[in-house]
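First comes the structure, then the notes that go with it.
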Amino acid sequence: MSGSTKPTTTIEPRPQPGPAGAVDLDAKSLPRHVAIIMDGNGRWARAQGKPRVYGHEHGARNVNPIVTECAKLGIEVLTLYAFSTENWLRSKAEVEFLMGLLLQFLEAELPTMLANNVRFKQIGRREGLSPTVLEMIDRTTAATAGNTGLTLALAVNYGSRAEITDAVRAIARKVKAGELDPSAIDQGVISDHLFTAGLPDPDLLIRTAGEMRLSNYLLWQSSYAELYVADVCWPDFDVVQLHEALRAYARRTRKFGEVVEPRA
Ligand code: FPP
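Spelled out as structure tokens, the structure:
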């Protein structure tokens with residue numbers, strides 16, 4: 207990878223094909239919550255003979271049109287996996303680059319979030335993130351707190367196992383303090399102690415770049431999510447691809463463990 211540790215280009219949305227909004231998607235069949243694993247930046251860059259960070263830059267550029275389209279469609283929550291608890295294991299240079307990109311993204315995207323009535327939220331552990339990153343996260347969260355449209359939940363320093371571990375610890379502390387009876391611990395109590403507390407569970411989980419795995423992402427919350435794997439790498443996942451995923455979702459019969467007859 208490149209030795210550069212700072213994003214070099216301004217993040218601008220890449221042009222999207224087709225007229226925005228010209229879709230045959232039925233609002234009633236849309237998911238409330240779409241979660242995306244934005245995979246394949248490195249492969250996308252390598253295919254062009256470029257360093258990995260080039261893929262991350264283009265990946266970051268690609269977030270704006272997808273967020274904007276989800277907001278326009280009336281989707282309630284979009285959760286994006288930007289940095290996992292395991293991503294710290296990457297080279298120091300790549301980690302620093304991704305953190306720089308995150309700062310740049312939050313700064314650049316605030317006007318779009320405000321214009322599109324988007325509420326921003328980070329999900330993930332705060333410990334481990336730098337004061338600068340935390341400050342920017344808090345500033346963006348506060349600036350968009352009054353918005354009532356799409357919630358953009360950015361998973362930063364997020365991992366499901368860390369999240370569930372933290373939830374178990376918090377619940378155990380309450381039990382120890384006599385604030386919670388063990389028999390009162392049900393699925394709702396557990397959900398309420400996750401980073402995603404208050405958000406509906408994902409209905410549709412999209413992963414790009416063809417990999418068939420969940421990578422420690424929203425494991426509790428995605429118990430009944432419909433999975434969709436796109437073959438394209440994240441920098442090439444455009445609005446047309448998003449619509450394709452939403453159409454595939456609309457065709458699914460969700461069963462939640464019950465017996466449901468297939469649609470005629
Ligand atoms: C996977 O690509 C992607 C990530 C580890 C992070 C996702 C980051 C971005 C889309 C850019 C930054 C985003 C924001 C919101 C600032 P990979 O490196 O695992 O790709 P590979 O599997 O092809 O190597």
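Just so we're aligned, residue 207 is where the sequence shown starts under the working numbering, counting upward by one.
Every residue, glycine too, gets a C-beta built ideally from N, C-alpha and C.
Since this is a predicted model, take the numbers as computed values, not measurements.
Quiz item: Would DSSP call A456 helix, strand or coil?
Solution: Translated into the one-based positions of the sequence shown, residue 456 becomes position 250. In the structure shown, A456 sits in a helix (DSSP, three-state: H, G or I).
Quiz item: Which partner residues does T357 have in the DSSP bridge list?
Solution: Residue mapping note: residue 357 aligns to position 151 of the sequence shown, counting from 1. According to DSSP, T357 bridges with V283 and R325.
Quiz item: Under the criterion of a Cβ to heavy atom distance below 7 Å, does L358 qualify as lining ligand 1?
Solution: The residue you call residue 358 lines up with position 152 of the sequence shown. No; taking the cut-off as 7 Å, the Cβ of L358 has no heavy atom of ligand 1 nearer than that.
Quiz item: Does DSSP put F303 in a helix, a strand or coil?
Solution: Within the sequence shown, the letter at position 97 stands for residue 303. Three-state DSSP puts F303 in a helix.
Quiz item: What is the DSSP secondary structure of R367, reduced to helix, strand or coil?
Solution: For the purposes of this step, residue 367 is taken as residue 161 along the sequence shown, with counting starting at 1. Helix.
Practice problem: Counting only runs of 3+ residues fully inside the segment 391-422, write out the beta strand (DSSP E) ranges in chain order. | Solution: You should have 410-413.
Self-check item: Candidates A390, P441 and L360: closest to T402 by CA position
Solution: Stepping through the sequence shown from its first residue, residue 402 is reached at position 196. Looking at the Cα atoms, L360 is the closest of the given residues.
Exercise. Rounded to whole angstroms, what's the CA-CA distance from G463 to S428? Just pull it up for me.
Key: By one-based count along the sequence shown, residue 463 stands at place 257. By one-based count along the sequence shown, residue 428 stands at place 222. Cα to Cα, the separation comes out at about 14 Å.
Quiz item: Can you list, in chain order, the residues of its chain whose CB lies under 7 Å from that of T357, leaving out five sequence neighbours each side?
Solution: As a working note, residue 357 is residue 151 in the sequence shown. Contacts found: E282, V283, R325, K327 and L405.
Practice problem: Report all residues from its chain with a CB closer than 6 Å to the CB of G365; omit the five preceding and five following residues, and keep chain order. | Solution: Looking up residue 365 in the sequence shown gives position 159. By the criterion of a C-beta distance shorter than 6 Å, G365 is surrounded in its chain by S290, T291 and N422, once the five residues flanking it on both sides are discounted.
Quiz item: Can you tell me where the alpha helix (DSSP H) with A349 in it begins and where it stops?
Solution: If you number the sequence shown from 1, residue 349 lands on position 143. P337 to T350 is the extent of the alpha helix (DSSP H) around A349.
Quiz item: For ligand 1, any of its heavy atoms closer than 7 Å to the Cβ of D444?
Solution: Numbered from 1 along the sequence shown, position 238 holds the residue referred to as residue 444. Checking the Cβ of D444 against ligand 1 gives no.
Exercise. Put L312 into one of helix, strand or coil per three-state DSSP.
Key: By 1-based counting over the sequence shown, the position of residue 312 is 106. In the structure shown, L312 sits in a helix (DSSP, three-state: H, G or I).
Quiz prompt | Cβ-Cβ distance between Y430 and L410 below 8 Å | solution = Indexing the sequence shown from 1 puts residue 430 at position 224. Indexing the sequence shown from 1 puts residue 410 at position 204. No; because the gap between Cβ atoms is not below 8 Å, this pair is not in contact.
Quiz prompt | Check: G248 C-beta below 7 Å from any heavy atom of ligand 1 | solution = As a first step, residue 248 is located in the sequence shown; it is residue number 42 there, counting from the start. G248 Cβ: within cutoff of ligand 1.
Quiz item: Can you tell me whether DSSP reads G463 as helix, strand or coil?
Solution: As a first step, residue 463 is located in the sequence shown; it is residue number 257 there, counting from the start. Coil at G463, not helix or strand.
Practice problem: Report yes if the CB atom of G384 is closer than 8 Å to the CB atom of V362, and no otherwise. | Solution: Counted from its first residue, the sequence shown places residue 384 at position 178. Counted from its first residue, the sequence shown places residue 362 at position 156. No, Cβ-Cβ distance for G384 and V362 is not below 8 Å.
Exercise. Excluding the 5 residues preceding and the 5 following L386 in the sequence, name in chain order all residues of the same chain whose CB lies nearer than 7 Å to its CB.
Key: Counting from one through the sequence shown, the residue named residue 386 turns up at place 180. By the criterion of a C-beta distance shorter than 7 Å, L386 is surrounded in its chain by I377 and K380, once the five residues flanking it on both sides are discounted.
Self-check item: Given A288 as reference, the closest of A277, K298 and G306 once Cα atoms are compared
Solution: Residue mapping note: residue 288 aligns to position 82 of the sequence shown, counting from 1. Comparing Cα-Cα distances from A288 to each of A277, K298 and G306, the minimum goes to G306.
Quiz item: Sorted by chain position, which residues of the same chain lie with C-beta nearer than 6 Å to A451's C-beta, five sequence neighbours on each side aside?
Solution: In the sequence shown, the residue the question calls residue 451 occupies position 245. Leaving aside the five residues that flank A451 on each side, the residues in its chain whose CB is nearer than 6 Å to its CB run, in chain order, I412 and Y434.
Quiz item: Just to check, is the beta-carbon of L405 closer than 7 Å to a non-hydrogen atom of ligand 1?
Solution: Position 199 of the sequence shown, counting from 1, holds the residue named residue 405. No, since every heavy atom of ligand 1 falls outside the 7 Å radius drawn around the Cβ of L405.
Quiz item: ligand 1 heavy atoms versus the CB of F303: any closer than 7 Å?
Solution: Numbered from its first residue, the sequence shown carries residue 303 at position 97. For ligand 1, not one heavy atom lies less than 7 Å from the Cβ of F303.
Quiz item: Does the beta carbon of D245 fall short of 7 Å from some heavy atom of ligand 2?
Solution: Ligands present in the displayed structure are limited to ligand 1, and ligand 2 is not among them.
Quiz prompt | Rounded separation between R267 and M418 - CA only | solution = One-based indexing of the sequence shown puts residue 267 at position 61. One-based indexing of the sequence shown puts residue 418 at position 212. Between R267 and M418, the C-alpha separation is close to 24 Å.
Quiz prompt | Burial state of W250, where buried means 16 or more other Cβ atoms lie within 10 Å | solution = What you label residue 250 is simply residue 44 of the sequence shown in a count that begins at 1. The residue is buried, with at least 16 neighbouring Cβ atoms inside 10 Å.
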